[in-house]
Structures are given as structure tokens and as C-alpha cells.
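Following: one structure in C-alpha cells, then a few remarks.
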Amino acid sequence: MKIENTNAPIVELKDVEMIFDVPGGKLQAGRNLNLSLAAGEMVAVIGESGCGKSTLGKLVLGVQGPSAGTIHFSGQNIWSQGFKWTPELRLGVQVIHQDPFSSLNPVRTAYQTLEPILRHHKLTPNRKASRAKVLEVLTQVGLTPPEYFIDKYPFQLSGGQKQRVSIARSTLLKPKLIIADEPVSAVDSSLRLVILDLMKSYNQNQGTAFLYITHDLATANYFAPQGKLIVMYLGRMVETGQISSCINEPAHPYLQALLAAIPGSATHQPGGELPLRTLDMPSPLNPPSGCVFHPRCPHADTRCEHEVPELRPLANQPEHSVACHYGERLQIKSRA
Ligand SMILES: Nc1ncnc2c1ncn2[C@@H]1O[C@H](COP(=O)(O)OP(=O)(O)OP(=O)(O)O)[C@@H](O)[C@H]1O
Ligand code: SF4
Ligand SMILES: [Mg+2]
């Protein structure tokens, strides 16, 4: 497949804020979000439930308008007045959802899910060619023999097989970027790596960029070992950089706590307690003052209670950024 020779980001978020009006007040699901996704890039987003991962995914997908800030698709501000979607822009970013049970229409077979997309975009001249194309893409996603799967309804497929149909649907139009929001959390654990491998193969063979959203740092590292990591906490990006750098030399105490549960990691504590003052996540309706992590942080001091740490590059690692006043001092140094 032709990979565009352009340096323009596929999607770019600048100073994006996402505030939801909810009963009880205003909920800040995203604050100061800055992100640039280039062609072929692999980016993993991790964080606890409710930290704003899916919200970030929806902003990047272009289905959620930001409360403030700008979102550009291929250099065009998609929420500016007068902006008009072109099919190329609209179809350039696709999504794979967490739950293939609800994302597939229960009354449509695999063929009936995929064929209308081919017909709508005039990719195949007739029914015979459509059937041949659907058989081909089912083979690509490992649903073999495809003749067995093509007329199956979702209820006749396992979770992993349904997720493969979802992947086939997302990749059919060869998008530039796929947002995969917890794509393997509803899949049997034995199949998780297989599904991740399938998505990786699209990146390697077709140059598709991926934003992989997960709460599982181990699969993030497996999925994008050469890619970037974004660690989110309470709607903020608190650490970002090359995934190897973040995992081997974590600077934010929150990432250090997440790594403590992973055997072999920089801060692993076998059988020990997580290095957190409390396991409780503060309410996003009433976030803590200063550094939002301070009530849980074992290193917090009075400055942390009052002064917001912005995401900034580490003094000696310009590609590795952290939102902590003491990032340099607290950073774990690689044992390598
Ligand atoms: N449309 C909405 N209206 C109001 N609040 C919302 C809306 N969407 C998300 N939220 C809130 O924003 C916060 C972030 O939600 P989000 O779904 O992005 O979290 P998440 O990190 O994806 O969590 P999970 O890991 O459980 O999927 C949560 O507190 C959630 O309740
Ligand atoms: S700024 Fe303070 S509270 Fe926040 S992570 Fe750093 S040390 Fe902990
Ligand atoms: Mg989510």
C-alpha cells in the first residue's frame, strides 16, 4: 500500500480541555491535552478507570468536540466554523471498540457487516466481487477458512472471532489511524496477544498508525515496544515519551506505582504494597489542588499541594516529559 510521504500529523490536539456538565457540577475529563499522531506511529495510552482514556480517544476520533483547544485532522481544524468533512478525512481515522458484543450488529452476518462498506465506497463492482473481497479480508484477520465464517452472525462467533470481524471492518478502507480502545479486554486471555499481533501486522504492512488505549502496561509494552507511551491520571497526561524510556526510567511516582505490580519492571515490589499513600482515586468532580496526584503520592510536600506541575521535558531527556516538580530527582535510573 502507498504510505503518504508527508510530515503533517494525521491528528493533532493542542491545549485541549474536556469538561462535562454533570449532576453535581463540572467534570474535567481532559485538561491540557497535547498530542500529535504521525503516519505509522504507535502510541499507547494507559491509566486507571475513569482517568479519561476513552475521552481522549473520542477527541482524536473527531466524535467529541472539545470544551477548549483545537483538534486538527491533516492540518484542518475540524471544530472551526465552516469546516466540512471530506470522505478522506472522515474515513482516515477508524475505531476498534472494547466490546465486540455491542459494536457488531447482532442481526448482520460477517458478510452483511462488511459488504455495505464496500458497496457504499464503490470498491467492488458487483456482488460476486464483494463476496470475494470479504473472503479475502476474513482471511487477513485470521478467520479461516473464510467460507465457514462469512455467513455467521455475531452470536455464532466467540469474543475473539467477533473482535476479528471488528478489526476487518476498521481496516477495510485502509485508514491512516486506528484508535483501539481496550480492544482485548473482553477477549479470552489466550487470544489477547494474537489480536494485538494482528493489529501490529497492519502497522508493519500497511503503515497504519495506532492509538492503543489500555489499563494494562504489559500489553502496551508488547503492542508498541518501539512506540510512545502516554500515562494519564485524572484527565491529565502525567508522563509521556518512548515506551522503553518510560518503562525503564519512570519519572512520575504514579507510573512508578503502576510498574511496581509488574514483575521485572524498574520498580517491581514482589508481594509488596504499591508505593501509594492511598489506593482511592479522588473525585474528578472535585480534583485535588496543586498536583492532582498529591493525596496519593509518597513524595508530596507543601509545594505539591499548591502548585500545578505542567507536563515538561526532563532536563536531560528532551523526548521524555513528566508532570512532576521533582521528576529529575525522583526518576528511576535504568539498571542497564
Ligand atoms: N459524555 C459524558 N458525560 C459526562 N461524563 C462523562 C462523559 N464521558 C465520560 N465522562 C466522565 O469522564 C471521565 C473519564 O471517562 P472515560 O470514559 O474517558 O474514562 P476511561 O479512562 O476510558 O475509563 P475506563 O478505563 O473505565 O474505560 C469519567 O469520570 C467519566 O464518568
Ligand atoms: S508534583 Fe509532588 S505530588 Fe505530584 S507527583 Fe511530583 S512529588 Fe508527587
Ligand atoms: Mg474507557
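Residue numbers for the sequence shown follow our numbering, beginning at 361 and rising by one.
Heads up, the beta-carbon is just placed ideally off N, CA and C, and yes, glycines get one too.
In the DSSP assignment, find the alpha helix (DSSP H) that holds residue i and state where it starts and stops.
i, result
"Met559", "549 to 566"
"Thr531", "519 to 531"
"Arg637", "Arg637 -> no alpha helix (DSSP H), and no H or E assigned at all."
"Gly417", "413 to 421"
"Ile477", "470 to 480"
"Ala428", "Unbroken run through Ala428 is the beta strand (DSSP E), 428 to 433; no alpha helix (DSSP H)."
"Ser625", "No alpha helix (DSSP H) contains Ser625, which DSSP labels as neither H nor E."
"Ala580", "577 to 583"
"Leu619", "613 to 620"
"Tyr724", "For residue 724 there is no data in the structure shown, the boundaries of the chain being 361 and 696."
Quick one: does the C-beta of residue i sit closer than 7 Å to a heavy atom of ligand 1?
i, result
"Ser440", "no"
"Thr415", "yes"
"His575", "yes"
"Cys664", "no"
"Pro623", "no"
"Val652", "no"
"Pro647", "no"
"Ser409", "yes"
"Pro644", "yes"
"Leu533", "no"
"Leu387", "yes"
"Val382", "yes"
"Gly412", "yes"
Examine ligand 2 and report whether any of its heavy atoms sits within less than 7 Å of the Cβ of residue i.
i, result
"Cys657", "yes"
"Cys684", "yes"
"Pro585", "no"
"Ala675", "no"
"Ala660", "yes"
"Pro613", "yes"
"Pro635", "no"
"Pro514", "no"
"Pro669", "yes"
Within 10 angstroms of its Cβ, does residue i collect 16 or more other Cβ (buried), or is it exposed?
i, result
"Phe583", "buried"
"Ile363", "Unreliable placement is indicated for Ile363, whose pLDDT of 41 sits below 50; no coordinate value is reported for it."
"Phe443", "exposed"
"Glu372", "buried"
"Met361", "Its pLDDT being 39, under 50, Met361 is placed unreliably in this model, and the value from its coordinates should be taken loosely. By the neighbour-count rule (16 or more Cβ atoms within 10 Å), Met361 is not buried but exposed."
"Ser643", "exposed"
"Asp541", "buried"
"Asn365", "Model confidence at Asn365 stands at a pLDDT of 38, short of 50, so the residue's coordinates are unreliable; what they give is reported in the following sentence. Result: exposed."
"Leu464", "buried"
"Leu556", "buried"
"Lys386", "exposed"
"Tyr508", "exposed"
"Gln441", "exposed"
"His666", "exposed"
"Arg391", "buried"
"Val423", "exposed"
"Arg689", "exposed"
"Gly687", "buried"
"Phe653", "buried"
"Pro476", "exposed"
"Ser694", "exposed"
"Phe515", "exposed"
"Val382", "exposed"
If I follow the unbroken beta strand (DSSP E) through residue i, where does it start and stop?
i, result
"Ala389", "385 to 397"
"Val501", "Taken as a continuous stretch (DSSP letters only), Val501 belongs to no beta strand (DSSP E), as it is neither H nor E."
"Leu674", "672 to 674"
"Glu599", "596 to 602"
"Ala404", "402 to 406"
"Ala569", "569 to 574"
"Phe380", "371 to 382"
"His680", "677 to 682"
"Gln454", "453 to 456"
"Tyr686", "First-last for Tyr686: undefined, no H or E at that position."
Which whole-angstrom value describes the C-beta separation of residue i and residue j, a residue pair presumed to lie in contact below a C-beta threshold of 8 Å?
i, j, result
"Ile370", "Ala398", "7 Å"
"Arg529", "Thr473", "6 Å"
"Gly425", "Trp445", "No, Gly425 and Trp445 are not in contact; Cβ-Cβ is about 13 Å, not under 8 Å."
"Pro585", "Ser604", "7 Å"
"Lys536", "Pro460", "Contact flag wrong, Cβ pair sits at about 23 Å."
"His680", "Gly601", "3 Å"
"Gly502", "Leu558", "6 Å"
"Gly520", "Glu401", "Gly520 to Glu401, Cβ: 26 Å. No contact."
"Leu533", "Leu451", "5 Å"
"Ile590", "Met597", "5 Å"
"Arg656", "Leu636", "5 Å"
"Ile379", "Ser427", "4 Å"
"Ile527", "Ile456", "6 Å"
"Gly417", "Leu618", "In fact, because the Cβ distance is near 19 Å, the residues do not count as touching under 8 Å."
Please tell me whether, using a cut-off of 7 Å, the distance from the CB of residue i to the nearest non-hydrogen atom of ligand 3 is below it.
i, result
"Asp548", "no"
"Glu542", "yes"
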